[in-house]
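Protein chains in written order, with my numbering: chain Y, 1 to 269; chain B, 270 to 538; chain A, 539 to 807; chain X, 808 to 1076.
The structure appears below as structure tokens.
Number of protein chains: 4
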Amino acid sequence: PSPGAFAGRTMATVMEICIDSVESARAAETAGAARVELCSALSEGGLTPSLGMVRAVLSATSLPVFLMLRPRGGDFCYTDDEFQVMKHDLAAFRAAASSRDSSSLGFVVGMLLPDGSVDKPRLAELLALCGDHPTTFHRAFDMASSWRQALADVIDLGFSRILTSGQDANCLEGAPVLAAMIQEAAGRITIVPGGGITESNIERIITQTGACEFHCSARESVASDMVFRKGGISMSAGYFPSEFSLKRASASRAQTILAAAAAAAAGPQ
Amino acid sequence: PSPGAFAGRTMATVMEICIDSVESARAAETAGAARVELCSALSEGGLTPSLGMVRAVLSATSLPVFLMLRPRGGDFCYTDDEFQVMKHDLAAFRAAASSRDSSSLGFVVGMLLPDGSVDKPRLAELLALCGDHPTTFHRAFDMASSWRQALADVIDLGFSRILTSGQDANCLEGAPVLAAMIQEAAGRITIVPGGGITESNIERIITQTGACEFHCSARESVASDMVFRKGGISMSAGYFPSEFSLKRASASRAQTILAAAAAAAAGPQ
Amino acid sequence: PSPGAFAGRTMATVMEICIDSVESARAAETAGAARVELCSALSEGGLTPSLGMVRAVLSATSLPVFLMLRPRGGDFCYTDDEFQVMKHDLAAFRAAASSRDSSSLGFVVGMLLPDGSVDKPRLAELLALCGDHPTTFHRAFDMASSWRQALADVIDLGFSRILTSGQDANCLEGAPVLAAMIQEAAGRITIVPGGGITESNIERIITQTGACEFHCSARESVASDMVFRKGGISMSAGYFPSEFSLKRASASRAQTILAAAAAAAAGPQ
Amino acid sequence: PSPGAFAGRTMATVMEICIDSVESARAAETAGAARVELCSALSEGGLTPSLGMVRAVLSATSLPVFLMLRPRGGDFCYTDDEFQVMKHDLAAFRAAASSRDSSSLGFVVGMLLPDGSVDKPRLAELLALCGDHPTTFHRAFDMASSWRQALADVIDLGFSRILTSGQDANCLEGAPVLAAMIQEAAGRITIVPGGGITESNIERIITQTGACEFHCSARESVASDMVFRKGGISMSAGYFPSEFSLKRASASRAQTILAAAAAAAAGPQ
């Protein structure tokens, strides 16, 4: 579809917020998010959270919580040891959330084979362990060699959703491919655009892709509480701006984004 | 003490390796490490690992395993929610490792107040929950406003060890301060130099500081198994070199480092 | 204007390529670029080139060459010393290119005051020194406090063009603002979109903004000629991927981009 | 020599400061530097400065000024076009500084062949064009395959000095190799340690290497003059902390470093 093809169609909009703290979970709920995706280390694109963080977030919010299963940063081609870790974590998470309805607890995972195809055998094994809980195939999808084949495989496996930027640097760049993915999916699975969504581009992304759900972090920088700030030392191997700035979801940013999405979905009056 | 002051004194050397995978745990054991420190996200300086990773590492090695309690990157001044997460994780880790001797399971933590002093009340509470397990105050120490006061406080609290780079960018830069810390500690606590230790500087660090233990990652870059490599997309907010390179502990690097340390500790023949 | 407002209007497309080497100048000419913008240190967004580089590029191409006047990276608020350096460079460049027609040599500059407004007094002085040569106000424009006021001031000063990403991270993000700028300019000055333009977004940028000119680097990574590659050392203070990879303009990338732009400008058949 | 071998020997200390602005040139003179090395883009390790900057710095200081000849970042293996640019720049610099004594104007260059050896033919040609002016072989030396062979070649070519970190990440790491280089040079050429020198390590570097000269930038961060600070836009391809922070040489930092070096050179009282 050409840009703007979906302008004016009435669509519901569902906002998912990815978080790595209890504070961000609360902000997501305040802002009207439909669900949260809980990770640790969003700086690495999101890793498996600690069990303590899972417990604290489950207590802090009644929103559906989707839990990331990703044992390390980098690619999505895992060793047997890493696959074992993922199964251990899944079991621990299900046990810790046993009082939750299956629909209010989900899992987020993605695995590829060296040739860039979806690792169907191991994902089938993992999805069986997820029981009735909804599942999202995450942005490993954007590293797949063929999105059409990967889409067919992910539908086949029974995933509920795919989180994707349209195999591009972010959703605005990938909007034409996202639109094509949504058309190809034809309702068999939910395509959730995610990656680089902000208040200034969400309207265009909804209008250009026809997406009914989207994923963002809605984060803002929060100054450290430290008054004494020692310079010249960094704990990080990467190159982060500062030890003295955090990022947390902002309820007001999230609300602004959601309102813009809803306006785009409703179309011109 | 002046540089080289400890050359020729016979000292035992104990190598701790920080890891974030099962493969690195095995490499550490092969190399003769005395213990491992298990984290996730070493790129952020190490965060609390997932319970699945803890279980897998405890199964894979008989080495003492020290578990990081750090709920996010950035500073070491925590909210009540974050403190709660740390206590949840500690409890889950103790339960998962209940069959281990207390000496073969340890915890690694650090908390500061906004003025750069050690957060004694909360650490006292946390250490009580650690029971008989050994505890390390991690590199939050390097962000403290006064290392002498922080050292006194950490000893007071009953920690077993302090992991530190001498309040500098790395241990070679901080060697004079590390030497002063070890002298000031006078055996009341073990000072473990850590940060930037390699095979080419470990001899100097041992000789210049008189340390009997040290901490390193002994990592090497490992090429991704992916044959299909999509460009133009990064999962990371930071600026990592590549999705297609991992870092894992190398047994041979670790052995080289340990041998160099032992030679320095034994002194000239 | 709404996205796609300009689809189907027949517009000429003029491609400017920013370069920092003789090789890239040749690639630009091969690809059909209308002009080049010569800088050093594109990694810092482009600085004043050395006189030797200017001479070599003037010899290597008959394309119009626009020369960057930016004495350092960072903001666009200059000291008197820095302003003096810019005037020295301008004089040296005019002397070195005295045999060129005024239309085939241009200058690129931008200066702001601390409040984010255009530094009109100093720019007026500088433009007087540019004589009949065309002048571009560069992406300092994107850091201005009000683009409407800045646009009026830059037109007033007599600049030929403005290079801008629509005050956003890149041109695709800034497309709505770029469209508004072009409408507001109403032909009084040429608005040249630049920043993040690639073969996969140029059609959308042309269609959504109605721009008749655009600016890109069309670069590709070129492997270093070094066979011996020493690791562990970097000359850079920033965090560049490697000493062993260069970036140069690619004639084939540039051709692809230009063809896509021309197709968008011509509109649907 | 072992660490500390040179403690107590009386040596003169000569401080060279690398700069990329007129302000830093003045700070270097105030601090008692013996000479400055003028570059642009220190963020890339230093590139050839613009002629306007050269003129301004020559006017601003009576210190000897050494001019960088490096046409781009990355490796030190140059195309014929790049070599031509270097010769053009050298000629322009000599013409612009024709009133200076040859001893108060120097050139800084380094060229390697793909196998990591010194590019003797092209450097011989370039050095002939330098006439009586002193010449420094820069940190390309640290990327050479064999420092012993490279040292012999650079002496052979007739360079006055070598700027080096001991083929390591910085001078403190490379101190043992620097000491070996100085011993091997045996006065036939001046070895100038440079790379990562600060007030807290200069004493050790002097004492451990026996160097009589050293090179540093003595920079401090200077806040931008901009009051209006637009976020979300960066001009840089790399990952610099901010558009709103500059780095300039600090006279007081430079004085502190020089005093520490002098104390180390004088040895214990």
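Idealized CB from N, CA, C, for every residue including glycine.
What you are looking at is a predicted structure, and each value in this text was computed from that prediction instead of being measured.
Note down, in chain order, every chain Y residue with its Cβ under 7 Å from the Cβ of residue i.
{"i": "A:LEU710", "result": "LEU172, GLU173"}
Using beta carbons (cut-off 8 Å, strictly below), is residue i in contact with chain A?
{"i": "X:THR820", "result": "no"}
{"i": "Y:SER200", "result": "yes"}
{"i": "X:GLN891", "result": "yes"}
{"i": "X:GLU1027", "result": "no"}
{"i": "X:VAL829", "result": "yes"}
{"i": "X:MET988", "result": "no"}
{"i": "X:ASP888", "result": "yes"}
{"i": "X:ILE1012", "result": "no"}
{"i": "X:ALA1018", "result": "no"}
Just how far apart, CA to CA, sit residue i and residue j?
{"i": "Y:THR207", "j": "Y:ALA263", "result": "10 Å"}
{"i": "A:ALA789", "j": "X:SER1031", "result": "38 Å"}
{"i": "B:MET355", "j": "Y:GLU203", "result": "39 Å"}
{"i": "A:CYS556", "j": "A:ALA579", "result": "11 Å"}
{"i": "B:ARG408", "j": "B:CYS440", "result": "12 Å"}
{"i": "A:GLY769", "j": "Y:THR209", "result": "45 Å"}
{"i": "B:GLN404", "j": "B:SER434", "result": "Per the sequence presented here, residue 404 of chain B reads as Thr, with Gln not at that position. Rounded to whole angstroms, B:THR404 to B:SER434 spans 18 Å at the Cα level."}
{"i": "Y:SER145", "j": "B:ARG498", "result": "8 Å"}
{"i": "B:ARG363", "j": "Y:LYS120", "result": "35 Å"}
{"i": "X:THR886", "j": "Y:LEU123", "result": "51 Å"}
{"i": "A:GLU751", "j": "A:GLY644", "result": "16 Å"}
{"i": "Y:ARG72", "j": "Y:GLY174", "result": "25 Å"}
{"i": "B:SER368", "j": "B:PRO462", "result": "30 Å"}
{"i": "A:ILE743", "j": "A:ASP680", "result": "17 Å"}
{"i": "B:MET495", "j": "Y:PRO114", "result": "4 Å"}
{"i": "B:GLY456", "j": "B:ALA302", "result": "22 Å"}
{"i": "A:LEU596", "j": "A:MET649", "result": "26 Å"}
{"i": "A:GLY733", "j": "A:ALA707", "result": "8 Å"}
{"i": "A:ILE735", "j": "A:THR794", "result": "12 Å"}
Could you work out which residues of chain B lie near residue i, taking near to mean beta carbons separated by less than 8 Å?
{"i": "Y:CYS77", "result": "SER493, ASP494, MET495"}
{"i": "Y:THR135", "result": "Per Cβ cutoff of 8 Å: no residues; Y:THR135 is ~17 Å from chain B at best."}
Can you say whether residue i is buried or exposed, counting buried as having 16 or more other CB atoms within 10 angstroms of its CB?
{"i": "X:VAL1029", "result": "exposed"}
{"i": "B:GLU306", "result": "buried"}
{"i": "X:ASP882", "result": "buried"}
{"i": "Y:ASP132", "result": "exposed"}
{"i": "X:LEU936", "result": "exposed"}
So with CB distances below 9 Å, who are the chain X contacts of residue i?
{"i": "A:HIS626", "result": "SER857, LEU858, GLY859, MET860, VAL861, ARG862, ALA863"}
Compare the C-beta of residue i with all C-beta atoms of chain Y and state if any pair is closer than 8 Å.
{"i": "B:GLU298", "result": "no"}
{"i": "B:GLU285", "result": "no"}
Residue i versus chain Y: which residues are under 9 Å apart at the beta carbon?
{"i": "B:LYS499", "result": "GLY116, ASP142, MET143, ALA144, SER145, GLN167"}
{"i": "B:ARG408", "result": "ILE233, MET235"}
{"i": "B:ALA361", "result": "SER50, LEU51, GLY52, ARG55, ALA92, ALA96"}
Under 9 Å Cβ-Cβ, which residues of chain B neighbour residue i?
{"i": "Y:VAL65", "result": "Ordered by position in chain B, no residue passes the 9 Å Cβ test against Y:VAL65, which lies about 14 Å from the chain."}
{"i": "Y:LEU47", "result": "SER309, ALA310, LEU316, SER319"}
Chain B beta carbons: is any one of them nearer than 8 Å to that of residue i?
{"i": "Y:PRO193", "result": "no"}
Note down, in chain order, every chain A residue with its Cβ under 8 Å from the Cβ of residue i.
{"i": "X:MET918", "result": "What X:MET918 touches in chain A: nothing, since even the nearest Cβ is about 12 Å away."}
List, in chain order, every chain A residue whose beta-carbon is nearer than 9 Å to that of residue i.
{"i": "X:LEU1053", "result": "ARG610, GLY611, GLY612, ASP613"}
Rounded C-beta distance between residue i and residue j? I'm assuming under 8 Å.
{"i": "Y:VAL177", "j": "Y:VAL118", "result": "That pair is no contact at about 17 Å."}
{"i": "X:LEU870", "j": "X:PRO856", "result": "Between X:PRO856 and X:LEU870 the Cβ distance is about 15 Å, and since that is not below 8 Å, they are no contact."}
{"i": "A:HIS753", "j": "A:GLU554", "result": "4 Å"}
{"i": "Y:LEU126", "j": "Y:GLY158", "result": "So it is not a contact: roughly 11 Å between Cβ atoms."}
For residue i, go through chain A and note every residue whose CB falls closer than 7 Å to its CB, in chain order.
{"i": "X:ILE962", "result": "Ordered by position in chain A, no residue passes the 7 Å Cβ test against X:ILE962, which lies about 21 Å from the chain."}
Answer with yes or no whether the minimum CB distance from residue i to chain X is below 8 Å.
{"i": "A:ALA787", "result": "no"}
{"i": "A:GLU582", "result": "yes"}
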